[in-house]
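This report concerns only the one structure given below.
Number of protein chains: 2
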Amino acid sequence: MDLKFFSKPPLADFVREGLRPDAGLIFRQLFDTSGSSTYTYLLGDPVSKEAVLIDPLKEMVDRDLAVVNDLGLKLKYAINTHCHADHITGSGDLKAKVTGLQSVIAESSGARADVHIKHGDVISFGADSNVINLEVRATPGHTDGCVSYVCDNMVFTGDALLIRGCGRTDFQGGSSEKLYDSVRTQLFELPDETLVYPAHDYKGRMVSTIGEEKELNPRLGLKKTKEEFVEIMSNLNLAYPKKIDESLPANLKCGIDD
Amino acid sequence: MDLKFFSKPPLADFVREGLRPDAGLIFRQLFDTSGSSTYTYLLGDPVSKEAVLIDPLKEMVDRDLAVVNDLGLKLKYAINTHCHADHITGSGDLKAKVTGLQSVIAESSGARADVHIKHGDVISFGADSNVINLEVRATPGHTDGCVSYVCDNMVFTGDALLIRGCGRTDFQGGSSEKLYDSVRTQLFELPDETLVYPAHDYKGRMVSTIGEEKELNPRLGLKKTKEEFVEIMSNLNLAYPKKIDESLPANLKCGIDD
Numbered sequence: 001m002d003l004k005f006f007s008k009p010p011l012a013d014f015v016r017e018g019l020r021p022d023a024g025l026i027f028r029q030l031f032d033t034s035g036s037s038t039y040t041y042l043l044g045d046p047v048s049k050e051a052v053l054i055d056p057l058k059e060m061v062d063r064d065l066a067v068v069n070d071l072g073l074k075l076k077y078a079i080n081t082h083c084h085a086d087h088i089t090g091s092g093d094l095k096a097k098v099t100g101l102q103s104v105i106a107e108s109s110g111a112r113a114d115v116h117i118k119h120g121d122v123i124s125f126g127a128d129s130n131v132i133n134l135e136v137r138a139t140p141g142h143t144d145g146c147v148s149y150v151c152d153n154m155v156f157t158g159d160a161l162l163i164r165g166c167g168r169t170d171f172q173g174g175s176s177e178k179l180y181d182s183v184r185t186q187l188f189e190l191p192d193e194t195l196v197y198p199a200h201d202y203k204g205r206m207v208s209t210i211g212e213e214k215e216l217n218p219r220l221g222l223k224k225t226k227e228e229f230v231e232i233m234s235n236l237n238l239a240y241p242k243k244i245d246e247s248l249p250a251n252l253k254c255g256i257d258d
Numbered sequence: 259m260d261l262k263f264f265s266k267p268p269l270a271d272f273v274r275e276g277l278r279p280d281a282g283l284i285f286r287q288l289f290d291t292s293g294s295s296t297y298t299y300l301l302g303d304p305v306s307k308e309a310v311l312i313d314p315l316k317e318m319v320d321r322d323l324a325v326v327n328d329l330g331l332k333l334k335y336a337i338n339t340h341c342h343a344d345h346i347t348g349s350g351d352l353k354a355k356v357t358g359l360q361s362v363i364a365e366s367s368g369a370r371a372d373v374h375i376k377h378g379d380v381i382s383f384g385a386d387s388n389v390i391n392l393e394v395r396a397t398p399g400h401t402d403g404c405v406s407y408v409c410d411n412m413v414f415t416g417d418a419l420l421i422r423g424c425g426r427t428d429f430q431g432g433s434s435e436k437l438y439d440s441v442r443t444q445l446f447e448l449p450d451e452t453l454v455y456p457a458h459d460y461k462g463r464m465v466s467t468i469g470e471e472k473e474l475n476p477r478l479g480l481k482k483t484k485e486e487f488v489e490i491m492s493n494l495n496l497a498y499p500k501k502i503d504e505s506l507p508a509n510l511k512c513g514i515d516d
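Residue numbers (the working numbering), protein chains in the order written: chain A, 1 to 258; chain B, 259 to 516.
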């Protein structure tokens, strides 16, 4: 495959064009060691020290806060890509431990949160001189309330687009047709060199690119028609998600016990 | 802490100074899903497609080769930071599957390999226009044959320096005194912004920096004296490594069954 797009700028801790030379972005990818193979992402502004977590887990909140504190950061938002069925969000515990922290999720998820976002919104944090923006793109299909977040040359895709795969579409308002359209119109329209950071990987891979997934995703790659994708998804015969009965009610309340 | 060093260039897929603008480095960090929490690193040259794996695992060879093949790369070396006690190297299986691939390990490890390296050596791969160099630094102490590899703003530390920790020093010729000296003279002398990529992390963290470890490593940070470090290490009371009796003999033969 054409690897030219791999030579474009960078995964992390990078100097962003047009910004102060001493500014940039703090970036850490974190893996759930409790069993759900979830990735949590920490993004921070080195100027103001403001930071956000994307898809924090209840089980990993103490680990996440240790990393945040080590780097001298202050959490502003706990941001969710969707209402997860395989683990409980850390948003509630983070709110209890970090004064002023706000939870964020899509309005279309039906879940409780301090901030409800929708397609086209921008979540901002950081200093005036170094504002970091997350652009919200609606990417329904795994659930009806799934969104992806675009930040510079990175996209956080939740379960919409995984590395060489995608989230299942057989529960929580899932729709293979919608997921196909989401990936094709919202994600594959991003530049090929965009780094894809998913909510999970079960093979220990940590990042992909839009270019790779367009070429190599066995379900959703450019060679697959919508009909082929729907057929693939309808024949997965997946087991009932182990943690869904515990996770969904908790996540609809943003992980907060009433 | 001072976060200025986070704004320096990048973790991955980056344009390296002085190189062709269409060149760069392909970089993937890969996690062992079989239980040893090991990281394997893929580094590749997008021009020639030549690539190396650092610390491949026997159990993950098929996954690694799938990533290599997806990216259109050709493996030149399987490089080991040391003779591991907690898993079997993938070098042998890789040699059986990839024609021409050579295994690499430190001469001081006592292990068999195609290429034996020592402190000060440079392992090179890539096109003439985009040579990628790994500088070998001897960092004994976890084992007597441990080395770290420096590539631009990254250092692959094996078990010498872990994120907020270090490898144990109570077997395989380990020496707390030697490890302290290795970390202080070979690793902490690197620029603060150097990204630290260890062989393991048990909390799902993926990267640190030399600056962070100098300030925050609870065993080896700048505030600790050698005496304090030796005392900490002598009181760890660690269990006998579960896989050592299987791993060591295999790794001494570079993972190849006779």
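For every residue, glycine included, the Cβ atom is placed at its ideal position computed from N, Cα and C.
| Query | Result |
| --- | --- |
| Give the secondary structure of ARG426 of chain B by DSSP, where H, G and I count as helix, E and B as strand, and everything else as coil. | coil |
| Consider the Cβ of MET464 of chain B: report whether some Cβ of chain A lies at a distance smaller than 7 Å. | yes |
| Under 8 Å: do the region 370-384 of chain B and the region 318-329 of chain B share three or more Cβ pairs, one atom per stretch? | no |
| On the three-state DSSP scale, how would you describe LYS436 of chain B? | helix |
| Going straight from the alpha carbon of LYS225 of chain A to that of CYS166 of chain A, what length do you get? | In the sequence on display, residue 225 of chain A carries Thr and not Lys. THR225 of chain A and CYS166 of chain A: Cα-Cα distance of roughly 15 Å. |
| Can you pull the chain A residues whose beta carbon is under 9 Å from the beta carbon of MET318 of chain B, in chain order? | LYS203 and GLY204 |
| What is the rounded straight-line gap between the Cα of ILE244 of chain A and the Cα of LEU288 of chain B? | 28 Å |
| Using only CA atoms, which one of B:THR296, B:GLN360, B:SER349 and B:THR339 lies nearest to LYS316 of chain B? | B:SER349 |
| Kindly provide the ranges of any beta strand (DSSP E) runs that are 3 or more residues long and lie completely inside the region 360-395 of chain B, ordered along the chain. | 360-364, 373-375 and 380-383 |
| Please determine, among A:GLY173, A:ILE163 and A:HIS119, the residue with the shortest C-alpha to C-alpha distance to TYR39 of chain A. | A:ILE163 |
| So SER492 of chain B packs on HIS342 of chain B, CB below 8 Å; how close in whole Å? | Rounded, the Cβ-Cβ distance is 23 Å, inconsistent with contact. |
| Would you mind reading off the limits of the beta strand (DSSP E) that contains ALA51 of chain A? | 50-54 |
| Give the secondary structure of ASP280 of chain B by DSSP, where H, G and I count as helix, E and B as strand, and everything else as coil. | In this prediction, ASP280 of chain B scores a pLDDT of 46, lower than 50, which makes its location untrustworthy; the coordinate-derived value is nonetheless stated afterwards. Coil, per DSSP. |
| Between the region 201-221 of chain A and the region 134-142 of chain A, are three or more C-beta pairs nearer than 8 Å? | no |
| Any beta carbon of chain E sitting closer than 7 Å to that of ASP70 of chain A? | The chain labelled as chain E is not found among the protein chains of the depicted structure, namely A and B. |
| Span of the beta strand (DSSP E) holding ALA78 of chain A? | 74-79 |
| Using a Cβ distance threshold of 8 Å, determine whether the region 409-419 of chain B contacts the region 447-461 of chain B, with at least three qualifying pairs required. | yes |
| For CYS512 of chain B and ASN251 of chain A, I'd like the C-alpha separation in whole angstroms. | 47 Å |
| Suppose you measure from the CA of CYS182 of chain A to the CA of CYS404 of chain B; what does that come to, to the nearest Å? | Sequence inspection shows Ser at residue 182 of chain A; the Cys mentioned does not correspond to that position. Rounded to whole angstroms, SER182 of chain A to CYS404 of chain B spans 48 Å at the Cα level. |
| Would the region 328-337 of chain B and the region 305-314 of chain B be scored as touching if the rule is three or more Cβ pairs under 8 Å? | yes |
| Have a look at the DSSP bridge pairing and note the partners of CYS512 of chain B. | DSSP, once it has assigned bridges, lists no residue as partnering CYS512 of chain B. |
| With DSSP as the reference, label THR415 of chain B as helix, strand or coil. | strand |
| With LEU323 of chain B as the anchor, note down where its alpha helix (DSSP H) starts and where it stops. | 319-328 |
| Under 7 Å, Cβ to Cβ, is there at least one residue of chain B near ARG219 of chain A? | no |
| Among A:ASP45, A:THR33, A:SER37 and A:ASP32, which one has its Cα closest to the Cα of CYS151 of chain A? | A:ASP45 |
| Strictly under 7 Å for the Cβ-Cβ distance: is THR157 of chain A near chain B by that measure? | no |
| Looking at VAL413 of chain B and THR452 of chain B, is the spacing between their C-beta atoms short of 7 Å? | yes |
| Could you work out which residues of chain A lie near ARG286 of chain B, taking near to mean beta carbons separated by less than 8 Å? | ARG205, MET206 and VAL207 |
| By Cβ distance below 7 Å, which residues in the same chain neighbour ASP428 of chain B in space, the five residues on each side in sequence not counted? | LEU496 |
| Which first and last residues belong to the alpha helix (DSSP H) in which GLY219 of chain B is found? | For chain B, the structure presents residues 259 to 516; residue 219 of chain B sits outside this window and is missing. |
| Pull up the DSSP beta-bridge partners for PRO198 of chain A, would you. | A:GLY158 |
| Pick helix, strand or coil for TYR407 of chain B, following the three-state DSSP scheme. | strand |
| Output, in chain order, the set of chain A residues within a Cβ distance shorter than 7 Å of THR347 of chain B. | Ordered by position in chain A, no residue passes the 7 Å Cβ test against THR347 of chain B, which lies about 16 Å from the chain. |
| Which residues mark the beginning and the end of the beta strand (DSSP E) in which LEU301 of chain B is found? | 297-302 |
| Counting only beta-carbon separations shorter than 7 Å, does THR452 of chain B have a partner in chain A? | no |
| Could you have a look at SER292 of chain B and say whether DSSP puts it in helix, strand or coil? | coil |
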